[in-house]
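Below is one structure, written out as structure tokens; comments come after it.
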């Protein structure tokens, strides 16, 4: 079976770290959308073959980065023929604020997956939200629709939260487990 | 295997018609949330056993009716133990206007499913949106996240659109096919 | 001029603290939706007279509590006559998780305000999201559409974040300033 | 006082018709985002000076076109200094399907406005949704958060609905009236 694909845009490297964590959990091929919002023909072929597509983007100005959206708009070619129908989809996003409208980005990614007639799967992780919760707990951010990561505005990609990375990895693993179940 | 459940609230009977169409497509058990937002213990047991839960509500004042939300809030009991994890979920809604914020209701239903760690599946239907489109075409309303029905404000439940009903039936059939695939 | 109204539902007292903070900033009348989702006729009259309505609810199972939604559905009576047209609206929510789908609740509150042909105003506050950010900073949660508060699942109403309360107070003050400007 | 600005992207000309209708209602300056997602320095200056910014984009693949999003991301420069704070904002969108996730685009536009600390104003129009409703009625599509237009997939810009155009014009007029009231 073809590999799961993690397709993402990263502006400064934080979302790339998250994408790598998702890919490690899903044993997936990573496809980076470039600074102009493009991917290669080989990348489109990998997407067409993949049993699952996990999509990620930073949240900029309340939504997925324009480079990701350019990819999404270009996917209309696959949409017309419903070539991605019944694939598994999931999503992730990073931004500087705890909330920062990350949920709006995840809602958009799910909307895109629905246009492609996919199955959407979320984190499947309970939140860590009691008084004893620690910043690096799994799903400390309390996200269900997809994986969230929060990186302070003045932090480097090397400083991303280990808990947010583990949350991302677990999302990848969840998608892989579902793919295995569907293709058993 | 236990039956798929279609759980819905209907204020005036239109959403009930839609629910019946979904259930016919999914060969599902119908559970009606009552006018006070309640269901029986047997209903909760059926939900716990079901491989898929398809949720429906009218869109009132921009969101699912309060009776549906009361059910959703009561489902926190199942949530704490993640008893509905990995079930298939889908949703539908009816309102008087073409749009009328029906998408907000569907987004909410998907959000609820994600809190329950479910898989979300949409209509999987291309829209009928060319100039030759007819009101009773399948997915004439052009919905992807779930099935939509539109019933004029002064129409009776007997007058609901046959195309919207068929769209609802096809959503049920899609859920049933996915359940079969997952449990093969 | 009639007073601004802060209308809210609180299940365990945390959202009440937030509502009180909003009201202090707006010099507003507080109306509590009761455990059955009801308010009095005098409350409806206060809403009809108010130049601004600030709405708050806890986020339960991914959306505003059913008691709040029951109020929203009952506001259809005011909607039919567009009695609340051109009022200023704003919103707030509390939940246990950092995110926890609070944004979905705020989106719903804004949707409701739009159905009522209102003006929507958000926090107008920059987020505190650098590495030096502290939990009790104003808008540490990074919310724009409305004010967010996060209270650990095992915390009491007396333990709510002072920064989140100040964020709430500032939302109230922002609404009051806009009302003054509109009615100058 | 500086002119209201209507800023929009149009891929094939339909959204341009809608933008022109909004601008006629608001006596506004039209700014077209180009095919690469760019506007001029003079355009940015007009936005900085405008008392209101009305934003429009086609709904492509479930959200605002990438060209619009590129503009939104570039507006982060204004965001950092909160240069657009307290401006009035509104939005509109066009797509081929009756729904077609147009609401997701409007939610995004409102989210962007909230990040900019603006005031959001919707259509303020009751829906035309009784059995006697006609396609070219004002707000036949039943949208509140912003103005919607629906153009069949095989229609030309010259064929857009006169009712949807009037809805757009009325949104512009509503924004202009609010600006007048705020700056009286």
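Residue numbers (the numbering used here), protein chains in the order written: chain A, 128 to 311; chain B, 128 to 311; chain C, 128 to 311; chain D, 128 to 311. From the three backbone atoms N, C-alpha and C, an ideal C-beta is built for every residue, glycine too. Fair warning: this is a prediction, and the values are worked out from it, not measured in the lab.
Query: Among 154(B), 288(B) and 213(B), nearest to residue 304(B) - alpha-carbon criterion; Result: 154(B)
Query: Where residue 252(D) meets chain A, residues with beta-carbon distance less than 7 angstroms; Result: Going along chain A, no residue has its Cβ under 7 angstroms from residue 252(D), so there is no contact; the nearest lies around 25 angstroms.
Query: Cβ of residue 356(C) within 9 angstroms of any chain B Cβ; Result: Nothing about residue 356(C) can be reported from this structure: the residues present for chain C run from 128 to 311 only.
Query: Inter-stretch contact (C-beta, 8 angstroms, three-pair minimum) for the region 295-302 of chain B and the region 245-254 of chain B; Result: yes
Query: DSSP beta-bridge partners of residue 132(C); Result: 156(C) and 180(C)
Query: Inter-stretch contact (C-beta, 8 angstroms, three-pair minimum) for the region 180-197 of chain B and the region 188-202 of chain C; Result: yes
Query: CB contact below 9 angstroms: residue 228(C) versus chain A; Result: yes
Query: Chain-order list of residues whose beta-carbon lies under 8 angstroms from that of residue 310(A) (same chain, five-residue window excluded); Result: 128 and 178
Query: Contacting residues, own chain, Cβ-Cβ under 6 angstroms from residue 187(A) (five flanking each side not counted); Result: none
Query: DSSP bridge partner residues for residue 185(A) (one or two, in chain order); Result: 221(A)
Query: Interface partners of residue 271(B) on chain D, CB under 7 angstroms; Result: 228
Query: Member of 132(D), 158(D) and 151(D) whose CA lies at the smallest distance from the CA of residue 292(D); Result: 151(D)
Query: contact_flag[the region 220-231 of chain D, the region 254-274 of chain B] where n(CB pairs < 8 angstroms) is 3 or more; Result: yes
Query: Interface positions of the region 237-269 of chain B facing chain A (Cβ-Cβ less than 9 angstroms), listed along the chain; Result: 237, 238, 240, 241, 242, 243, 244, 245, 246, 247, 248, 249, 250, 251, 252 and 253
Query: Per-residue DSSP class, three states only, for residue 216(C); Result: strand
Query: Sufficient close CB pairs (3 or more, under 8 angstroms) joining the region 132-143 of chain C to the region 155-163 of chain C; Result: yes
Query: Distance CB(residue 181(C))-CB(residue 138(C)) smaller than 9 angstroms; Result: no
Query: Assigned secondary structure, residue 199(B) (DSSP; H/G/I helix, E/B strand, else coil); Result: helix
Query: Check whether residue 239(C) and residue 205(C) have beta carbons under 9 angstroms apart; Result: no
Query: One or two residues paired with residue 145(B) in a DSSP bridge; Result: Looking at the DSSP assignment, residue 145(B) forms no beta bridge with any residue, so it has no partner.
Query: Ranges of the beta strand (DSSP E) found wholly within the region 223-283 of chain A, counting only runs of at least 3; Result: 246-248 and 274-277
Query: Terminal residues of the alpha helix (DSSP H) in which residue 311(A) lies; Result: It is not in any alpha helix (DSSP H) - residue 311(A) carries neither H nor E in the DSSP assignment.
Query: Within-9 angstroms CB hit, residue 212(C) to chain D; Result: yes
Query: Proximal residues of chain D, C-beta to C-beta of residue 192(A) below 8 angstroms; Result: 196 and 200
Query: Cβ-based burial, residue 261(D) [other Cβ within 10 Å; buried from 16]; Result: exposed
Query: Helix, strand or coil at residue 150(D) [DSSP, three-state]; Result: helix
Query: Backbone CA spacing between residue 308(B) and residue 302(B) [nearest angstrom]; Result: 10 angstroms
Query: Proximal residues of chain B, C-beta to C-beta of residue 309(A) below 7 angstroms; Result: 308 and 309
Query: Per-residue burial, residue 281(C) [other beta carbons within 10 Å of its own, 16 or more giving buried]; Result: exposed
Query: Cβ pair residue 289(D), residue 263(D) closer than 9 angstroms; Result: yes
Query: Buried/exposed call for residue 237(B), threshold 16 Cβ in 10 Å; Result: buried
Query: CB of residue 196(B) within 9 angstroms of CB of residue 243(B), strictly; Result: no
Query: Residue 167(A) classed as buried or exposed, judged by whether at least 16 other C-beta atoms fall within 10 angstroms; Result: exposed
Query: CB of residue 131(D) within 9 angstroms of CB of residue 306(D), strictly; Result: yes
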